[in-house]
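Enquirer: Dumping the structure here so I can ask a few things about it.
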Amino acid sequence: MLFNSFEFIYAFLPLTLAGWVLLGRARGNSPALGFLVLASLVYYGWERPWHLPILLASCLFNHYAALRLASLGRQGHTVAAGRLAGLAVAANLGLLGYFKYTGFVLGNLNACLDLNLSLPNLAWPLGISFFTFQQIAYLVDVRRGQHPESHLLNYLLFVTFFPKVLAGPIVRASQFLPQLGLSGLARPSQRDLALGLALLVVGLFKKMALAEDLVPVVQRAFGPASQGDLPEFYNAWLGVLAYTLQIYFDFSGYSDMALGVARMLGLRLPYNFASPYKSVSIAEFWRRWHMTLSYFLRDYLYIPLGGNRRGQARRYLNLVVTMLLGGLWHGAGWTFVIWGGLHGLFLALHQAWRRWVDKRWPRRRQGSALGAWAGRLLTFFAVAMAWVFFRAPDLPSALAVFKGMLGLGQMAPGPEAVSAFLSLAWRLAVVWFLPNSQEYVLGAASQAQTQEAPGEPAPWWRWRPSPLHLGVVLALGFWALGKMVGQVGQFLYYQF
């Protein structure tokens with residue numbers, strides 16, 4: 073079931089919201105939590121019910137493992153606790169690897185060793201990368217001393233909560249579980265409902281009005297490439313830029329909708345995006361793009377590898393290794409490995425450049441607006457080039473797109489080039505010059521609150537209950553709903 077489907081908007085969401093609130097008021101938190109877990113399982117298993125046992129088995133295993141870890145820690149059995157933590161993390165990675173990477177590994181073994189190994193075609197469970205990483209983080213946190221969740225119902229909701237189970241954000245236990253113990257949990261306020269609806273509509277608008285219309289432009293570049301042909305010069309460039317915008321509007325739109333739905337239920341999820349294409353460096357980009365994954369990679373991979381504590385050469389290596397694994401997390405293919413490797417290389421080069429500049433000009437003044445825009449454009453260009461590997465189905469297709477961009481195919485622009493350029497231009501203006509959804513709602517739908525300086529009035533465009541913002545939300549909502557008629561595309565990150 074998709075967020076941008078009529079059955080979700082007109083049936084599942086209203087029924088779930090009504091059941092949550094009515095049970096919370098009549099029976100209290102526990103029955104309401106049970107209902108929300110049941111609704112989340114229905115949502116997850118709507119299209120592939122045979123994946124439900126895998127999700128539930130994963131939850132039960134990790135819940136028990138965390139309780140056992142905490143028990144061993146209290147008894148002072150640190151060695152046994154360490155072994156159990158290692159085995160539990162390995163089991164999670166094994167589950168992920170079996171479904172997601174077995175075909176990739178066997179394919180490469182067959183190619184290198186002239187073998188004919190095969191397995192049945194495995195469709196991996198939806199959201200497996202997200203709920204596996206979330207539970208690995210939980211196990212590591214418990215091993216580090218965090219108190220485990222003893223109530224199975226709470227833990228099930230932490231993992232299966234339907235707004236985030238398929239494509240994030242990747243939520244930590246410390247961000248989510250404390251909310252479940254609050255009194256009046258299942259009684260969202262009018263502000264919760266209004267803010268959540270605003271975020272839901274903004275996200276739906278991003279998906280349907282800003283992302284979906286770019287699909288034909290993207291296809292004119294990557295379609296011919298996947299067939300072994302070179303795309304035309306203009307189509308190649310426009311297609312790459314279109315995909316750069318499409319994946320942002322699509323994924324950030326999903327994240328906005330997830331945060332909005334959660335807020336309508338009275339729960340808060342962390343933000344995942346903060347205008348990443350406004351970044352003036354690749355390091356800043358990764359602090360703004362898919363933020364919950366970035367924090368996971370930093371805290372559970374980069375820092376344990378040594379971070380920046382073991383010299384510059386080791387720091388650069390840690391960056392590359394972290395991003396290589398981040399690329400593999402997205403998908404089992406050499407294109408994802410190269411995409412991750414490129415970002416690791418970009419980050420290492422950025423750190424080396426900063427180190428060189430700091431040594432040469434230790435007292436340099438803050439950069440100018442022109443310098444900031446130069447950094448922004450360079451970062452945008454580097455990210456866009458890397459997206460080619462992320463989008464292409466294989467390496468020959470990616471190389472064909474690059475050849476088209478170099479003019480090795482046809483050069484004459486097609487009749488659709490002008491309209492595609494204008495479509496990209498106004499979307500770039502939205503990305504670079506308009507406030508993002510986090511700024512629009514003042515962080516009120518997130519746990520990371522942003523506040524005005526004392527006494528400073530909020531900008532006129534910031535969300536508040538008013539006829540103006542009601543009109544904006546209604547206009548965006550009707551526009552998006554109109555786009556949904558006969559055009560309901562899956563979110564790009566559902567495949568991960």
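Using this note's numbering, you'd call the opening residue of the sequence shown number 73 and step up by one each time. The C-beta atom is built at its ideal place from N, Cα and C for all residues, glycine as well.
#1: Just to confirm, are L496 and A314 a CB contact at a threshold of 8 angstroms?
#2: If you scan the stretch 349 to 386 from start to end, which runs of the beta strand (DSSP E) of 3 or more residues do you find wholly inside it?
#3: Determine the burial state of W196: buried for a count of at least 16 other Cβ atoms within 10 Å of its Cβ, exposed for fewer.
#4: In three-state terms, what does DSSP make of W445?
#5: If I measure Cβ to Cβ from P537 and keep anything under 7 angstroms in the same chain, skipping five residues before and after, which residues do I get?
#6: Just tell me which of H415, G256, A446 has its CA closest to the CA of A98.
#7: Considering N101, what are the terminal residues of the alpha helix (DSSP H) in which it resides?
#8: Could you tell me if S440 is buried or exposed, where buried requires 16 or more neighbouring beta carbons within 10 angstroms of its beta carbon?
#9: Mark M59 as exposed unless 16 or more other C-beta atoms lie within 10 angstroms of its C-beta, in which case mark it buried.
#10: Let me confirm a value: T204 is counted as buried when at least 16 other C-beta atoms fall within 10 Å, else exposed. Which label applies?
#11: Determine, using beta carbons only, whether L124 and F107 come nearer to each other than 8 angstroms.
#12: On the premise that L286 lies in contact with M329, defined as a C-beta separation below 8 angstroms, what is that separation, rounded to the nearest angstrom?
#13: Between the Cα of P103 and those of V114, L85, L156, L225, spot the shortest distance and give me the residue it belongs to.
#14: Hey, could you find the ends of the alpha helix (DSSP H) A157 is sitting in?
#15: Using alpha carbons as the reference points, say which of W358, L110, A157, G554 lies closest to V273.
#16: Are G175 and L302 closer than 8 angstroms when you measure CB to CB?
#17: Using a Cβ-Cβ cut-off of 8 angstroms (strictly less than) and excluding sequence neighbours within five positions of H541, which residues of its own chain qualify?
#18: Between V214 and A142, how many whole angstroms is the CB-CB distance? I'm expecting something under 8 angstroms.
#19: Looking only at C-alpha atoms, which of W459, S246, F474 sits nearest to G413?
#20: What are the start and end residues of each continuous alpha helix (DSSP H) run of 4 or more residues lying completely inside the stretch 226 to 251, in chain order?
#21: Could you tell me whether the Cβ atoms of K350 and W504 are closer together than 8 angstroms?
#22: Could you tell me the alpha carbon to alpha carbon distance between L471 and Y320, rounded to whole angstroms?
#23: Can you list the alpha helix (DSSP H) stretches of 4 or more residues lying completely in the stretch 460 to 540, in chain order?
#24: Here's a check: name, in chain order, each residue in its chain whose Cβ is nearer than 7 angstroms to the Cβ of F378, leaving out the five neighbours to either side.
#25: Sorted by chain position, which residues of the same chain lie with C-beta nearer than 6 angstroms to Y306's C-beta, five sequence neighbours on each side aside?
#26: Quick one, are the C-beta atoms of Y173 and A239 less than 8 angstroms apart?
Expert: According to the structure shown:
#1: Working through the sequence shown from its first residue, we reach residue 496 at position 424. Working through the sequence shown from its first residue, we reach residue 314 at position 242. Going by C-beta atoms, L496 is nearer than 8 angstroms to A314.
#2: Unbroken beta strand (DSSP E) runs of no fewer than 3 residues, entirely contained in the stretch 349 to 386, are not found.
#3: Reading the sequence shown from its first residue, position 124 is the one you call residue 196. Taking all protein chains shown into account, W196 has 16 or more neighbouring C-beta atoms within 10 Å of its C-beta and is therefore buried.
#4: Counted from its first residue, the sequence shown places residue 445 at position 373. Three-state DSSP puts W445 in a helix.
#5: Numbered from 1 along the sequence shown, position 465 holds the residue referred to as residue 537. The answer, listed in chain order, is A266.
#6: Taking the first residue of the sequence shown as position 1, residue 98 is located at position 26. Of the listed residues, the one whose Cα sits closest to A98 is G256.
#7: Here residue 101 corresponds to residue number 29 of the sequence shown, with the count starting at 1. Where N101 is concerned, the enclosing alpha helix (DSSP H) stretches over 101 to 116.
#8: As a first step, residue 440 must be located in the sequence shown, where it is residue number 368. Its Cβ having fewer than 16 others within 10 Å, S440 is exposed.
#9: With the chain covering only 73 through 568, there is no way to say anything about residue 59.
#10: Here the question's residue 204 lines up with position 132 in the sequence shown. That one is buried.
#11: Taking the sequence shown and counting its residues from 1, one reaches residue 124 at position 52. Taking the sequence shown and counting its residues from 1, one reaches residue 107 at position 35. Against a cut-off of 8 angstroms, the Cβ pair of F107 and L124 comes out as no contact.
#12: As a working note, residue 329 is residue 257 in the sequence shown. As a working note, residue 286 is residue 214 in the sequence shown. Contact flag wrong, Cβ pair sits at about 18 angstroms.
#13: Along the sequence shown, read from residue 1 onward, the residue named residue 103 stands at position 31. Of V114, L85, L156, L225, the residue nearest in Cα terms is L225.
#14: On the sequence shown, residue 157 is found 85 positions in, with the first residue counted as 1. 150 to 172 is the extent of the alpha helix (DSSP H) around A157.
#15: For this step, residue 273 is matched to residue 201 along the sequence shown. Looking at the Cα atoms, G554 is the closest of the given residues.
#16: Sequence index remark: in the sequence shown, residue 175 carries index 103 (1-based). Sequence index remark: in the sequence shown, residue 302 carries index 230 (1-based). No. Outside cutoff.
#17: Locating residue 541 in the sequence shown gives position 469, where the first residue counts as 1. Leaving aside the five residues that flank H541 on each side, the residues in its chain whose CB is nearer than 8 angstroms to its CB run, in chain order, A270, W535.
#18: The residue you call residue 214 lines up with position 142 of the sequence shown. The residue you call residue 142 lines up with position 70 of the sequence shown. Confirmed, Cβ separation roughly 6 angstroms.
#19: Residue 413 sits at position 341 when you count from the first residue of the sequence shown. Comparing Cα positions, the closest option is W459.
#20: 245 to 248
#21: To locate residue 350, count along the sequence shown from 1; it is residue 278. To locate residue 504, count along the sequence shown from 1; it is residue 432. Going by C-beta atoms, K350 is nearer than 8 angstroms to W504.
#22: Start at 1 with the first residue of the sequence shown, and residue 471 comes out as number 399. Start at 1 with the first residue of the sequence shown, and residue 320 comes out as number 248. Spanning the two alpha carbons is a distance of roughly 23 angstroms.
#23: 467 to 477, 489 to 505, 509 to 512
#24: The residue given as residue 378 occupies position 306 in the sequence shown. Position check: residue 378 holds Gly in this sequence, whereas Phe was assumed. Cβ within range, chain order: R386, N390.
#25: As a first step, residue 306 is located in the sequence shown; it is residue number 234 there, counting from the start. The residues are P485, A489.
#26: In the sequence shown, residue 173 corresponds to position 101, counting from 1. In the sequence shown, residue 239 corresponds to position 167, counting from 1. Result no, Cβ atoms of Y173 and A239 do not sit closer than 8 angstroms.
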